[in-house]
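Chemist:
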Amino acid sequence: MNAVANRRLKVGIVCAPIHPVYGGPSAVVYSHYKALSRYADVKIFGVVDESQREFVKQLYPDAILTKRSWPRIWFRGDCLLRMLEDAAPEIDVFHVHMLWDHSVYATWKASIKHSKPFIVTVHGTLSDSWRYTSLHKKIYKKMIVDHILRDAAAVHALNESESVSIRSIYPNCNILTIPNAVDCDEIEGVLNEEYDYEIFPSTRGKRVFLYMGRIWGDKGLDILPEAWKIASQSNNNSVLIIVGPDYNDYTEVLRRRIIALGLSGSVKILPSVHGLEKYRIMRAASVFLLPSKSEGFSMALLEASGIGLPSIYSRECNFPELAAVNGGIQIDRTVEELAKAISRLNFATDSFLMEMGLNARELVRCKFDISVVGKGLMRVYKTILGN
33 MNAVANRRLK VGIVCAPIHP VYGGPSAVVY SHYKALSRYA DVKIFGVVDE
83 SQREFVKQLY PDAILTKRSW PRIWFRGDCL LRMLEDAAPE IDVFHVHMLW
133 DHSVYATWKA SIKHSKPFIV TVHGTLSDSW RYTSLHKKIY KKMIVDHILR
183 DAAAVHALNE SESVSIRSIY PNCNILTIPN AVDCDEIEGV LNEEYDYEIF
233 PSTRGKRVFL YMGRIWGDKG LDILPEAWKI ASQSNNNSVL IIVGPDYNDY
283 TEVLRRRIIA LGLSGSVKIL PSVHGLEKYR IMRAASVFLL PSKSEGFSMA
333 LLEASGIGLP SIYSRECNFP ELAAVNGGIQ IDRTVEELAK AISRLNFATD
383 SFLMEMGLNA RELVRCKFDI SVVGKGLMRV YKTILGN
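In this note's numbering, each residue's number is its place in the sequence shown (first place is 1) plus 32.
#1: How would you call Asn-204, buried or exposed, if buried means at least 16 neighbouring beta carbons within 10 angstroms?
#2: Just checking my contact of His-129 with Val-61 at CB under 8 Å: how many whole Å lie between their CB atoms?
#3: Hey, out of Arg-108, Asn-212, His-179 and Ile-207, whose CA is closest to Gly-328's CA?
#4: Where does the unbroken alpha helix (DSSP H) through Lys-462 begin, and where does it stop?
#5: With three or more C-beta pairs closer than 8 Å as the rule, is the region 311-331 touching the region 232-244?
#6: For Cys-398, count neighbouring Cβ atoms within 10 angstroms of its own Cβ and tell me buried if that reaches 16, exposed if not.
#7: Residues in its own chain within less than 8 Å of Asn-31 by CB, not counting five upstream and five downstream?
#8: Would Lys-89 be called buried (16 or more neighbouring beta carbons within 10 Å of its own) or exposed?
#9: With a Cβ-Cβ cutoff of 8 Å, do Gly-276 and Ser-304 count as a contact?
#10: Roughly how many angstroms lie between the CA atoms of Asn-191 and His-155, to the nearest whole one?
#11: Within this structure, are the beta carbons of Arg-377 and Asp-124 separated by less than 8 Å?
#12: Please determine whether the Cβ atom of Leu-68 lies at a distance below 7 Å from any heavy atom of the ligand ZN.
#13: So, is Trp-102 buried or exposed, given that buried needs 16 or more other C-beta atoms within 10 angstroms?
#14: Starting from His-179, follow the alpha helix (DSSP H) in both directions and report where the run begins and ends.
#15: Report the partner residues of Met-244 according to the DSSP bridge assignment.
#16: Use the C-beta contact count for Asn-391: other C-beta atoms within 10 angstroms, 16 or more gives buried, fewer gives exposed.
#17: Could you check which residue in Ile-262, Val-53, Ala-95 and Arg-114 has the C-alpha nearest to that of Ile-374?
#18: What residues in its chain sit with their C-beta under 8 Å from that of Leu-354, if we drop five residues either side in the sequence?
#19: Which partner residues of Pro-186 appear in the DSSP bridge assignment?
#20: Flag this pair as yes or no: are the beta carbons of Glu-258 and Val-367 separated by less than 8 Å?
#21: Following the continuous beta strand (DSSP E) through Ala-48, name the residue where it begins and the one where it ends.
#22: How close, in whole Å, do the beta carbons of Lys-75 and Glu-117 come, if the pair is a contact with beta carbons under 8 Å?
#23: May I have the straight-line CA-CA distance separating Leu-286 from Leu-253, to the nearest angstrom?
#24: Starting from Phe-320, trace the beta strand (DSSP E) both ways and give me its first and last residue.
#25: My output table needs one value for Cys-395: the three-state DSSP class, helix, strand or coil.
#26: Would you call the region 403-414 and the region 57-72 touching, i.e. three or more CB-CB distances under 8 Å?
#27: I'd like the span of the beta strand (DSSP E) that includes Ile-361, first residue to last.
#28: Tell me the rounded alpha-carbon separation between Thr-153 and Leu-131.
#29: What distance in whole Å lies between the Cβ atoms of Tyr-311 and Ile-255, which are believed to be in contact at a cut-off of 8 Å?
#30: Note down, in chain order, each residue of its chain lying with its Cβ closer than 7 Å to the Cβ of Phe-232, except the 5 sequence neighbours on either side.
#31: Need the endpoints of the beta strand (DSSP E) that Ile-207 sits in, please.
#32: Counting only runs of 4+ residues fully inside the region 70-112, write out the alpha helix (DSSP H) ranges in chain order.
#33: Between the Cα of His-179 and the Cα atoms of Ala-189, Tyr-137 and Leu-341, which residue gives the shortest distance?
#34: Is it right to say Lys-148 is buried, meaning 16 or more other beta carbons lie within 10 angstroms of its own, or is it exposed?
#35: Once you ignore the five residues that flank Val-299 on each side, which residues in its own chain have a CB closer than 6 Å to its CB?
#36: Roughly how many angstroms lie between the CA atoms of Met-33 and Ala-356, to the nearest whole one?
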């Protein structure tokens, strides 16, 4: 144990959907990379389309990237297994993200071959039964996933609710719970910038409600238009901004619904943004919205809280701490509850919203900064290696 504790570890982080366009998992990997780089030598392994390679290399200059190939739905990477096997002798511990992807299978194979411990962060994929009850996933789970999680040194849950769900399926797994993290120093840098009032020029003088994430029904966009319609009838001095990458052509579905409900004047859809631009857009908003159907632990909600935005979010986001400090409103995921919460914050004073935002920001700085989470991950790695 002392030999492990007294030297700088070499950690291999593996994730197929590594580009920010894939949302939560890639954001978590980036936060882990920044947090762990303070304490360990971190090597990133990912799968990309050729159009994504240059951008990912800007994020991770030393990353080992392989081309995404058939079957694309599996996020299979050409030569990924061989690359992991080649790197394994110099790696102390692998930390792989997601569950159903080829990258998890490849990490398992390389780790077993070279007797290296590996940890799996499953990102909420086992939190709800509907996520793994389709026939092809039942077969894959029995043939592959069950064996992977049996051999894993630990399964990483993002919150206690997820931990309980995993335990109900795999009672013998070593399950550790460490939340997501944000770089509070990076956020402070954006907050200290001169404010750009032209980010939403057409909304000046109005209260801006912001959704940021994948444009997909399960993220809450299935109920948000109807809830916005109800809430805006009593106060039309607000606007809803929806920002994010399209998923399964849902943007067009959403546009049609917005037009049908007569909301074109108060709802705008904007393209996806990455990096510091996310924080700048959040700073220009008044309230963050995430009525999601299911989350591991939303990075977008955590980032919005870190920037000082009060939030309205569903219980399925697994962030009761935020409501407990009056940094947000946690709701049951219905059109009526969402509309009620939007109306409440629509009529709230600026000082009330500011107080909520400060509560949220303080919570994130105390419990969810990357320095706190990075130290937690390092303790886990050293314990596993010591054992």
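Where is the CB? At the ideal position from N, CA and C, for every residue including glycine.
Modeler: In this structure, then:
#1: Start at 1 with the first residue of the sequence shown, and residue 204 comes out as number 172. Exposed, because fewer than 16 other Cβ atoms sit within 10 Å of the Cβ of Asn-204.
#2: As a first step, residue 129 must be located in the sequence shown, where it is residue number 97. As a first step, residue 61 must be located in the sequence shown, where it is residue number 29. At roughly 6 Å, the Cβ-Cβ gap stays under 8 Å, so His-129 and Val-61 are in contact.
#3: Residue mapping note: residue 328 aligns to position 296 of the sequence shown, counting from 1. Minimum Cα distance to Gly-328 is reached at Asn-212.
#4: This structure cannot settle anything about residue 462, because the visible part of the chain is limited to 33 through 419.
#5: yes
#6: Taking the first residue of the sequence shown as position 1, residue 398 is located at position 366. Exposed.
#7: Outside the shown range of the chain (33 to 419) lies residue 31, about which nothing can therefore be said.
#8: As a position in the sequence shown, residue 89 is number 57, starting the count at 1. It counts as exposed.
#9: Position 244 of the sequence shown, counting from 1, holds the residue named residue 276. Position 272 of the sequence shown, counting from 1, holds the residue named residue 304. Result yes, Cβ atoms of Gly-276 and Ser-304 sit closer than 8 Å.
#10: In the sequence shown, residue 191 corresponds to position 159, counting from 1. In the sequence shown, residue 155 corresponds to position 123, counting from 1. Going by the C-alpha atoms only, they are around 10 Å apart.
#11: In the sequence shown, counting from the first residue as 1, residue 377 sits at position 345. In the sequence shown, counting from the first residue as 1, residue 124 sits at position 92. The sequence given here places Leu at residue 377; Arg does not occur at that position. Not closer than 8 Å, so no.
#12: Summarising the ligand content, the structure contains no ligands, and the ligand ZN is consequently not present.
#13: Translated into the one-based positions of the sequence shown, residue 102 becomes position 70. Exposed, because fewer than 16 other Cβ atoms sit within 10 Å of the Cβ of Trp-102.
#14: Walking along the sequence shown from the start, residue 179 turns up at place 147. Element bounds for His-179: 178-183.
#15: Locating residue 244 in the sequence shown gives position 212, where the first residue counts as 1. Looking at the DSSP assignment, Met-244 forms a beta bridge with Val-275.
#16: Position 359 of the sequence shown, counted from the start, is the residue given in the question as residue 391. Buried, by the Cβ-count rule.
#17: For the purposes of this step, residue 374 is taken as the residue at position 342 of the sequence shown. Selected option, being the one with the closest Cα: Ile-262.
#18: Position 322 of the sequence shown, counting from 1, holds the residue named residue 354. So the list reads Leu-333, Ser-337, Ser-343, Tyr-345, Gly-360, Gln-362, Ala-392 and Leu-395, once near-sequence residues are dropped.
#19: Along the sequence shown, one-based indexing puts residue 186 at 154. Per the sequence shown, the amino acid found at residue 186 is Ala instead of Pro. Per DSSP, Ile-151.
#20: Walking along the sequence shown from the start, residue 258 turns up at place 226. Walking along the sequence shown from the start, residue 367 turns up at place 335. Yes; because the gap between Cβ atoms is below 8 Å, this pair is in contact.
#21: In the sequence shown, counting from the first residue as 1, residue 48 sits at position 16. Here the beta strand (DSSP E) through Ala-48 covers 42-49.
#22: Taking the first residue of the sequence shown as 1, we reach residue 75 at position 43. Taking the first residue of the sequence shown as 1, we reach residue 117 at position 85. About 14 Å separates the two Cβ atoms, so there is no contact after all.
#23: The residue given as residue 286 occupies position 254 in the sequence shown. The residue given as residue 253 occupies position 221 in the sequence shown. Rounded to whole angstroms, Leu-286 to Leu-253 spans 8 Å at the Cα level.
#24: Residue 320 sits at position 288 when you count from the first residue of the sequence shown. Its beta strand (DSSP E) spans residues 319-322.
#25: Here residue 395 refers to the residue found at position 363 of the sequence shown. Looking at the sequence provided, one finds Leu at residue 395 rather than Cys. Correct three-state label for Leu-395: helix.
#26: yes
#27: Your numbering for residue 361 matches position 329 in the sequence shown. Per DSSP, Ile-361 belongs to the beta strand (DSSP E) from 360-363.
#28: For the purposes of this step, residue 153 is identified with residue 121 of the sequence shown, where counting begins at 1. For the purposes of this step, residue 131 is identified with residue 99 of the sequence shown, where counting begins at 1. Spanning the two alpha carbons is a distance of roughly 8 Å.
#29: The residue given as residue 255 occupies position 223 in the sequence shown. The residue given as residue 311 occupies position 279 in the sequence shown. Their Cβ separation, rounded to whole angstroms, is 27 Å, which puts Ile-255 and Tyr-311 out of contact at 8 Å.
#30: In the sequence shown, counting from the first residue as 1, residue 232 sits at position 200. Cβ neighbours of Phe-232 beyond the five flanking positions: Val-240, Ile-273 and Ala-316.
#31: Position 175 of the sequence shown, counted from the start, is the residue given in the question as residue 207. 207-209 is the span of the beta strand (DSSP E), which, as asked, contains Ile-207.
#32: 82-91
#33: Counting from one through the sequence shown, the residue named residue 179 turns up at place 147. For the residues Ala-189, Tyr-137 and Leu-341, the minimum Cα distance to His-179 belongs to Tyr-137.
#34: As a position in the sequence shown, residue 148 is number 116, starting the count at 1. With 16 or more other Cβ atoms within 10 Å, it is buried.
#35: Translated into the one-based positions of the sequence shown, residue 299 becomes position 267. Counting only Cβ-Cβ distances below 6 Å, and skipping sequence neighbours, we find Leu-272 and Ile-290.
#36: Start at 1 with the first residue of the sequence shown, and residue 33 comes out as number 1. Start at 1 with the first residue of the sequence shown, and residue 356 comes out as number 324. Bear in mind that a pLDDT of 48 at Met-33, under 50, signals an unreliable position, so the model cannot answer this.
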